[in-house]
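Read the structure below first, then the notes.
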């Protein structure tokens, strides 16, 4: 489905944002605490975007599965691959978010 592909691309962009903002927040944490706090808030907002988009992708996939829509295996493989990449990036981002606390 085109919608799932689109959501997947947006999720990837948002995860990149979480990771970048979280890294910068940690970098400025001691020297510029208010700036660091701003970056941390931005990272947290991006994280919320990821969660919202992921929930929508999950709903679309579940709806398709409930309707017994058959997707080519390569589409499912691609989604699984993208999902793994997102999980790996999010693990790094969460590490930086935890370091900010």
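Residue numbers (the numbering used here): -15 to 85. Even glycine gets a Cβ: it sits at the ideal position worked out from N, Cα and C. The model shown is predicted, which means the values in this text are computed figures rather than measured ones.
Looking at the unbroken alpha helix (DSSP H) that takes in residue i, where does it start and where does it end?
i: residue 12; result: -14 to 12
Would the beta-carbon of residue i fall within 8 Å of that of residue j?
i: residue 8; j: residue 77; result: no
i: residue 37; j: residue -9; result: yes
i: residue 6; j: residue 81; result: yes
i: residue 83; j: residue 10; result: yes
i: residue 58; j: residue -12; result: no
If you run the structure through DSSP and keep just helix, strand and coil, what is residue i?
i: residue 16; result: coil
i: residue 25; result: helix
Would you mind listing the beta strand (DSSP E) stretches within the region 39 to 76 that are 3+ residues and don't spill past its ends, in chain order? none
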